[in-house]
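Undergrad: Handing you this structure, nothing more for now.
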Amino acid sequence: MRKAWVRLPGGGHGHCCPSSSSQPDQYQYPHPILSHPITGPHKELAPNDPDWYFIRCASIARRVYLRPGCGIGNLRDWYGGSKSRGVRPQHHSKASAGIIRACLKQLEEMRIVEKCGKSGRRVSQVVGRREMDTIAGQVARGEDEA
1 MRKAWVRLPG GGHGHCCPSS SSQPDQYQYP HPILSHPITG PHKELAPNDP DWYFIRCASI
61 ARRVYLRPGC GIGNLRDWYG GSKSRGVRPQ HHSKASAGII RACLKQLEEM RIVEKCGKSG
121 RRVSQVVGRR EMDTIAGQVA RGEDEA
């Protein structure tokens, strides 16, 4: 599986395999994602990377880890972008909620993320935090998981 580049807090870069958790077989493409993989109305083409869904799941897990309590609406804003409207001024467009929801549901099934009342999601205190800290440590040390 391809590795994703991540920015480290000290200004450096590292790479991690999005499915480097202890159960890599649990990451699966949901069926609707394969049929229409446009990540938002501001995109014209589907992602070129065959591992884009796994990278998006890892990115969402990291985002929820850094900002507990963020929900689908917040993540839609974060992953959105400017929509090209021809000669008219560009406006911000939100990302697709279905992909973000599918990633969050899969992360919940893996017990990495859990619901946080009505305010959104957070990394689970037992399994999720341990997995995220382990992966962050491996990336910081530069270990290769493959």
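For the sequence shown, the residue numbers in UniProt numbering are 1 to 146.
Every residue, glycine too, gets a C-beta built ideally from N, C-alpha and C.
#1: Under 8 Å: do the segment 47-54 and the segment 73-92 share three or more Cβ pairs, one atom per stretch?
#2: G40 by DSSP, collapsed to three states: which one?
#3: Taking all protein chains shown into account, decide if S84 is buried (16 or more other Cβ within 10 angstroms of its Cβ) or exposed.
#4: Look at the Cβ atom of S119, then the Cβ atom of G69, and state whether they are nearer than 7 Å.
#5: Here's the rule: buried if 16 or more other CB atoms are within 10 angstroms of the residue's CB, otherwise exposed. What is L66?
#6: Counting only runs that start and end within the segment 69-121, where is the beta strand (DSSP E) found for 3 or more residues in a row?
#7: Mind checking T134: buried by the 16 CB within 10 Å criterion, or exposed?
#8: Using a threshold of 7 Å, state whether the C-beta atoms of T39 and I99 are closer than that.
#9: Taking the beta carbon of Q90 as the centre, do at least 16 other beta carbons fall within 10 Å, making it buried, or is it exposed?
#10: Within this structure, are the beta carbons of A136 and L107 separated by less than 7 Å?
#11: Using the Cα positions of P41 and S96, report the straight-line distance between them to the nearest angstrom.
#12: Tell me whether V126 sits in a helix, a strand or coil according to DSSP, three-state version.
#13: In whole angstroms, give me the CA-to-CA distance for C116 and A140.
#14: Mind reading off the beta-carbon distance from R122 to G71? Whole number of angstroms is fine, and I expect it under 8 Å.
#15: Go through its chain and collect everything with a Cβ distance to S93's Cβ below 8 Å, but skip five positions before and after it.
TA: The short version:
#1: Three or more beta-carbon pairs separated by less than 8 Å are not found between the segment 47-54 and the segment 73-92, which leaves the two stretches without contact.
#2: The sequence position of residue 40 within the sequence shown is 40, counting from 1. Residue state, collapsed to three classes: coil.
#3: The sequence position of residue 84 within the sequence shown is 84, counting from 1. Taking all protein chains shown into account, S84 has fewer than 16 neighbouring C-beta atoms within 10 Å of its C-beta and is therefore exposed.
#4: Your numbering for residue 119 matches position 119 in the sequence shown. Your numbering for residue 69 matches position 69 in the sequence shown. Result yes, Cβ atoms of S119 and G69 sit closer than 7 Å.
#5: Residue 66 sits at position 66 when you count from the first residue of the sequence shown. Classification of L66: exposed, given that the 10 Å Cβ count is below 16.
#6: The qualifying runs are 81-83, 91-93, 113-115.
#7: Working through the sequence shown from its first residue, we reach residue 134 at position 134. Here T134 is exposed: its Cβ has fewer than 16 other Cβ atoms, across all protein chains shown, within 10 Å.
#8: Along the sequence shown, read from residue 1 onward, the residue named residue 39 stands at position 39. Along the sequence shown, read from residue 1 onward, the residue named residue 99 stands at position 99. Against a cut-off of 7 Å, the Cβ pair of I99 and T39 comes out as a contact.
#9: Looking up residue 90 in the sequence shown gives position 90. Under this definition Q90 is an exposed residue.
#10: Against the sequence shown, residue 136 aligns to sequence position 136. Against the sequence shown, residue 107 aligns to sequence position 107. For A136 and L107, no; Cβs fall outside 7 Å.
#11: Numbered from its first residue, the sequence shown carries residue 41 at position 41. Numbered from its first residue, the sequence shown carries residue 96 at position 96. If I take the Cα positions, the gap works out to 7 Å.
#12: As a first step, residue 126 is located in the sequence shown; it is residue number 126 there, counting from the start. V126: coil per DSSP, three-state reduction.
#13: Here the question's residue 116 lines up with position 116 in the sequence shown. Here the question's residue 140 lines up with position 140 in the sequence shown. Each residue's alpha carbon lies about 29 Å from the other.
#14: Along the sequence shown, read from residue 1 onward, the residue named residue 122 stands at position 122. Along the sequence shown, read from residue 1 onward, the residue named residue 71 stands at position 71. Your pair R122 and G71 does not check out as a contact, with CB atoms roughly 10 Å apart and the cut at 8 Å.
#15: For the purposes of this step, residue 93 is identified with residue 93 of the sequence shown, where counting begins at 1. Once the five neighbours on either side are set aside, the close Cβ partners of S93 are G40, P41, H42, G80, G81, S82, K83.
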